Amino acid sequence: MSERKVRVRFAPSPTGPLHIGGVRTALYNYLFARKQGGDFLLRIEDTDQTRFVPGAEEYIMESLKWCGINWDEGPGKDGPHAPYRQSERKELYRKYAEQLIESGNAYYAFDTPEELEAMRKKMEAQKVNAQYDATTRKEMRNSTSLSAEETQRLLASGEPYVVRFKMPENQEIVMEDLIRGTVKVNSSLLDDKVLFKSDGMPTYHLANVVDDYLMEISHVIRGEEWLPSLPLHVMLYRSLGWEKQMPAFAHLPLLLKPDGNGKLSKRDGDRLGFPVFPLMWNDPNSGEVSSGYRETGYFADAFVNMLALLGWNPGTEQEIFSMEELIDTFSLERVGKSGSKFDPAKAIWFNHQYLLKKNNREVAQLFDILLKDKACHQPIEKVEKVVSLVKDRVNFVHEIWDQAHFFFIPPSSYDEKTVEKKWKEDTPDILKNLVEALQKLDDFSVASLDKALHDFMESTGVGAGKLMIALRLSLVGAGMGPDLKEIMAYLGKDEVIARIENAVNKLGK
Ligand code: GLU
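My numbering applies: residue 12 is where the sequence shown begins, and numbers increase by one.
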């Protein structure tokens, strides 16, 4: 038998912004496809029109693009199975629902919401699990309990109906999952799920299975929350006569809260102060704005690297992976069975590593955008120098400003605690003498400044502790920062002298 071509899909429903767990699912699908030389599809599952959220589909696509998760087939990239948006494939599903009815695997159900509610109440009173299944089906209004004539009459009269799957009674359904192994469930525990609605739309289950079949999907890699749907999906493949073409399944463990158990939610992000969405999301209904990794200042490659390791491990100590390296190393065998706790500090660590890894020019160009906003223009070579001096102290490009603003603007205030402790009565005189010495210095390079400061301390007997902190306060406004000679060399003689004189004037004795 010839090997089946690997074809996987990410199949989000555009019901809101994509959670980072969803991005991870897309990423694993993408890595798997690339590693196997297969295809990665994006399919928009928008059959539930009541849950449609404007902007969500665009958001999903923009998120994937930001991460570099590019689809081979999908919206905007039509392939042999277009369209890839289920609402545009609407006409296609009805015949499969009908095929299932004809083969006795599905039936028409005419129950009104009131009748369904009455059934639920009755079951509850009898303390049995209320579900539409082999035991309750006969008591309900459907084509298994009504005569063929009555069913036809109701259909012809335009009575609203749904099509339900006829889940067999007491049958052991055995399924294989690439991550969980063999999974078994007794069909009596399952209900007769709705497959097709009276509005002419299929439900998720039918559309998902039909499309996976038609799009020749070889592996379904999706979140663990879909594991309970697997028995129905397997039964659908069997009932439609597609068992041979049935994809392999891999259900990914959940992303968990950083503290405690349970699925990582938007609320955890709000509570602990980290984004749970890749991009910022402006909710069109509530007007609420949720933060995103991109807008928070994360590099896309750092974000992807961090996500890849939440649930998958390479089996080595290596933590930093480019997309290419992830593709080379990824395998479903190394995806764990248990959920992974999301670690916000680790996410920041990844960004820091990527910041260190990037060359200074690239970081300088990003920081330059922020400098322009602040109307602090400097030649890019100079910005690059600043970046090299403070890079290891920051996690995000925008934090460079906090560590380096004094390279661009003179201090407007002086750290009070340092002033109190280190600005002594004789400090202004010491600094005035220093200005005199600096005035004579032509070469303002780091080496020359180093020598000049040493000579000054030697000839005046002023200790380094005293001189350096006062000087730093004058230039930076605080008691900490990168190497002082580097700062002086960067600012140049005139600016250094101006700042010292300014500090002496402002702080006095
Ligand atoms: N539309 C489903 C979702 O929103 C897809 C689940 C699947 O991959 O089968 O997650």
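C-beta: ideal position from N, C-alpha, C; glycine also. Just so it is clear, the structure is predicted and the values come from calculations on it, not from any experiment.
Problem set entry | Delimiting residues of the beta strand (DSSP E) encompassing I232 | 230-234
Problem set entry | Length-filtered (3 minimum) beta strand (DSSP E) runs lying within the segment 59-127 | Counting only unbroken stretches of 3 or more residues, the beta strand (DSSP E) elements lying wholly within the segment 59-127 are 117-120, in sequence order.
For this session: Excluding the 5 residues preceding and the 5 following I331 in the sequence, name in chain order all residues of the same chain whose CB lies nearer than 7 Å to its CB.
Result: N316, Q364
Exercise. Are the segment 225-243 and the segment 73-83 touching, with three or more C-beta to C-beta distances below 8 Å?
Worked result: As far as the Cβ criterion goes, the segment 225-243 does not touch the segment 73-83, which means the pair count is below three.
Problem set entry | Beta-carbon contacts of D83 that lie in its chain and below 6 Å, excluding the five residues immediately before and after | D50, F51
For this session: Under 6 Å Cβ to Cβ from A129, same chain only, skipping five residues before and after it: list those, please.
Result: none
For this session: Would you mind reading off the limits of the alpha helix (DSSP H) that contains G492?
Result: Taken as a continuous stretch (DSSP letters only), G492 belongs to no alpha helix (DSSP H), as it is neither H nor E.
For this session: Would you mind reading off the limits of the beta strand (DSSP E) that contains I184?
Result: Start and end: 183-188.
Exercise. Taking 7 Å as the cut-off, does the CB of Y215 come closer than this to any heavy atom belonging to the ligand GLU?
Worked result: Indeed, a heavy atom of the ligand GLU lies less than 7 Å from the Cβ.
For this session: Can you have a look at M12 and say buried or exposed, based on whether 16 or more other CB atoms are within 10 angstroms of its CB?
Result: Confidence at M12 is low in this model, with a pLDDT of 46, below 50, so the placement of that residue should be treated as unreliable; the coordinate-derived value is given next. Exposed, because fewer than 16 other Cβ atoms sit within 10 Å of the Cβ of M12.
Exercise. Can you name, in chain order, every residue of its own chain whose Cβ lies under 6 Å from the Cβ of M151, other than the five neighbours on each side?
Worked result: D122
Problem set entry | DSSP beta-bridge partners of D50 | R18
For this session: Please name the residue in K385, F353, P23, V300 whose C-alpha comes closest to that of M72.
Result: P23
For this session: Check whether the Cβ of A44 sits closer than 7 Å to any heavy atom of the ligand GLU, and report yes or no.
Result: At a threshold of 7 Å, A44 does not count as near the ligand GLU, since its beta carbon sits no closer than that to any of the ligand's heavy atoms.
For this session: Taking the CB atoms as reference points, tell me whether D202 and Q97 lie closer together than 8 Å.
Result: Contact: no.
For this session: Measure the Cβ-Cβ separation of Y224 and W253 and say whether it is below 8 Å.
Result: yes
Exercise. Relative to the ligand GLU, is the shortest distance from any of its heavy atoms to the C-beta of S156 smaller than 7 Å?
Worked result: no
Exercise. What number of angstroms, rounded off, separates the C-alpha of I391 from the C-alpha of D403?
Worked result: 19 Å
For this session: For V245, verify whether its CB is less than 7 Å away from any heavy atom of the ligand GLU.
Result: no
Exercise. Beta strand (DSSP E) containing K517: first to last residue?
Worked result: Per DSSP, K517 belongs to no beta strand (DSSP E); it is in the alpha helix (DSSP H), 504-518.
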